[in-house]
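As structure tokens, the structure follows; a few thoughts come after it.
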Amino acid sequence: MNIRPGKEFLSQPYWRHLAEGTLHLNSCNDCGSSHHPPSPLCPKCHSFNTGWKPASGKGTLNSFSVIRHAVHPSLADKVPYIITLVDLEEGVRLVSGIPAGMDVDLEVGMPLECKVVKIDDEFALPYFVPVEND
Amino acid sequence: MKTSIIGIGQTEFSTHSGRSELQLALEAILSALKDAGLEVNDIDGLVRYTWDNTTEAAIVNALGLPRLKYYGETEFGGVNCCGAIAQASAAIEAGLASCVVFYRALNARSGVRFGRGERILVEEGEHVVCHQPEPPGDIYSAPFGLLVPGQHHALYAQSYKGHYGLSDDAFAHMLGSVAVTQRGYANNNPRALLRDKKMTMDDYRNARVISEPLRIFDYCLETDGAMAIVLVSRERARQMNVKAVDILAAEQYIHPGSVPMFLYAKKTYSLVPEEAGDILFGKAQMSPSDIDVAMIYDATSMMVPLALEDFGFIGRGEAHDFLTSGGNAIDGNLPINTHGGLLSEGYFHGLNTIAEGVRQLRGESPNQVDAETVFMTLRGASSMIMGRA
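First to last, the protein sequences are chains U and B. Quick note: the first sequence uses this note's numbering, first residue 311, plus one each step. Quick note: the second sequence uses this note's numbering, first residue -17, plus one each step.
Written out as structure tokens, the structure reads:
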């Protein structure tokens, strides 16, 4: 079972964009800065003229934890799993994680890129994974 | 501040109180009044956390109070413990009330547990759903399995470990030094939940990992019970025949992204605004070197190194050396959490942390230090300095 936001949230732009496959950030149409979590007011220039723009998907790992203890029955068959804090190049931070089954060697400060993982038609999550070296 | 704590009272710490939170609150309030030598009708102010399930109305009605001239609420749980003291003090200094009780009652083990996701999640058909807009366990973090405060603390810990490049072994030695030292304090404390459980550094290192890099002994105890603290003006305290402890300075603060759970704060290896220490020590006209003993809200052991560095007791990155060399021990430079802390005594959302500071200044601690000043902080949201009257 997946944990998901309530329908009242999934109908909002942040989650709708993800369900359509892309990470968008709440951004100010006047000064251009991005914010997260979304807010009606730009915290930089105090304009209410805010909207949405696609994120570059590039970020760095601020912190992470391998969760070994399931704090809810729905997570019993998911441990161990990895949660992360990611600093995006737009200057915002997102809570994220590493997709189940992916073998990674994490280090604070390493570059990551967004991988939107579709759960179903209504719901997708912005995971961040190590950048592949080609 | 020109106020004093003149009474502390509590129920026992337990994992199953068998009583309602209202009853626990009332027991603690009556116990604190007895300690202060006051009657029920002397109370004319109340301060509570918004997270408490009991209300001012329930307390007033149960006590049969003829009047309550001031009631204040302070947001969040433990993080604003010193802020509640600041609020009570401000109310007294402003003349809104003359005797304020700050209390907290919780069945946090036998009732709703802060360490469990059930507090936040609901099952709706085939889905497990989160409706909570703010951390801990909000809609942006819950789907990744970040649900409870203890997991946030693991993120601060990993951030610190990565920022200062500490090895797994060095990091475990640092936090183990907090957990083992505090367990030793608890072993001398008849009130402590873990008074009979000894712990060695090997026990710590071999303990179950909960959320890397934190082990089970890095976490506070989910506890049932209640505590209450009575405050009056310093002037009035001097006229009473009580063991008073003075509030020298108390403050609360929020910086961008810092509350409720620091997920969006600029730094995750440092949890207070840069100037918070200077403001606090400035108000008390002191410096960190003047402090004799410290009480640091240890929801996890990680809060201890962070607070030591954030408030300038030691330099940035020096916590490992300070703690592993016994700096927090009874004969160290700064004995810390001499009751055993939230890790080993029990967890009344910081009120028992304040109470141990009061006991140190009254000469009643199970691990007594010759203390004239106590520093006390609740992570990044509030802090205070208390002094012997």
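Just so you know, even glycine gets a beta-carbon here, dropped at the ideal spot from N, CA and C.
Given F357/B, which residues of its chain have a CB within under 6 Å of its CB, disregarding the five upstream and five downstream residues? The residues are I273, A276 and I367.
Report back the beta-carbon spacing between H331/B and G97/B to the nearest angstrom; my notes put them in contact at under 8 Å. Their Cβ separation, rounded to whole angstroms, is 14 Å, which puts H331/B and G97/B out of contact at 8 Å.
Could you tell me which chain U residues have their CB closer than 9 Å to the CB of G0/B, listed as they occur along the chain? Correct list: empty, because the minimum Cβ distance to chain U is about 25 Å.
Let me check one thing: in DSSP terms, what residues is L335/U bridge-paired to? K363/U
Whole-number beta carbon distance between I25/B and V83/B, since they are thought to touch under 8 Å: 5 Å
Residue-level contact to chain A via CB, N336/U, 8 Å cutoff: The structure shown contains no chain A; its protein chains are U and B.
Hey, out of C63/B, I261/B, A371/B and Y146/B, whose CA is closest to L343/B's CA? A371/B
Any C-beta of chain B sitting closer than 8 Å to the C-beta of K363/U? no
Do three or more CB pairs link the stretch 122 to 132 of chain B to the stretch 249 to 263 of chain B at distances below 8 Å? no
Contact check, L47/B vs V29/B, beta carbons under 8 Å: no
Cβ separation of N188/B and P348/B, assumed to be a contact under 8 Å, to the nearest whole Å: That belief does not hold up - the Cβ atoms of N188/B and P348/B are roughly 27 Å apart, past 8 Å.
Which runs of the alpha helix (DSSP H) at least 4 residues long sit entirely within the stretch 255 to 290 of chain B? Give them in chain order. Within the stretch 255 to 290 of chain B, the runs of alpha helix (DSSP H) at least 4 residues long that lie entirely inside it are, in chain order, 258 to 266.
For M156/B, does the three-state DSSP call read helix, strand or coil? helix
How big is the Cα-Cα spacing for A10/B and L88/B? 11 Å
What do you get for N62/B, buried or exposed, if any count of 16 or more other CB atoms within 10 angstroms of its CB means buried? Residue environment: N62/B is assigned as buried (16 or more neighbouring CB atoms within 10 Å of its CB, all protein chains considered).
Please list, in chain order, all residues of the same chain as S215/B whose beta carbon is under 8 Å from its beta carbon, the five residues on each side excluded. K(-16), T(-15), S(-14), I74, E75 and S80
Please identify, using Cβ separations under 7 Å, the residues of the stretch 386 to 413 of chain U that lie next to chain B, in order along the chain. K388, Y391, I393, L395, R403, V405, S406 and G407
Which value, in whole angstroms, describes the spacing of the CA atoms of G419/U and N372/U? G419/U and N372/U have their C-alpha atoms some 6 Å from each other.
Boundaries (first-last residue) of the beta strand (DSSP E) holding M222/B: Premise fails: M222/B is in no beta strand (DSSP E) and is neither H nor E.
Contact set between H327/U and chain B, taken where Cβ atoms lie within less than 7 Å: Within chain B, no residue comes near H327/U; the closest Cβ sits about 14 Å away, beyond 7 Å.
Going by the beta-carbon positions, is the gap between A152/B and F199/B smaller than 8 Å? no
Can you tell me which residues form a DSSP beta bridge with P390/U? DSSP output for P390/U lists no bridge partner at all.
What are the uninterrupted segments assigned as alpha helix (DSSP H) that are 4 or more residues long and contained completely in the stretch 94 to 152 of chain B, given in chain order? 131 to 145
Nearest CA to the CA of E372/B: which residue from T250/B, A311/B, R218/B and G264/B? Summary: the structure shown does not reach residue 372/B, with chain B confined to residues -17 through 371, and so no result is reported for it.
Anything in chain B within Cβ reach of V376/U, meaning under 7 Å, just list it in chain order. E194
Straight-line Cα distance separating Q140/B from R294/U: Chain U is shown from 311 up to 444; residue 294/U falls before or after that span and cannot be answered.
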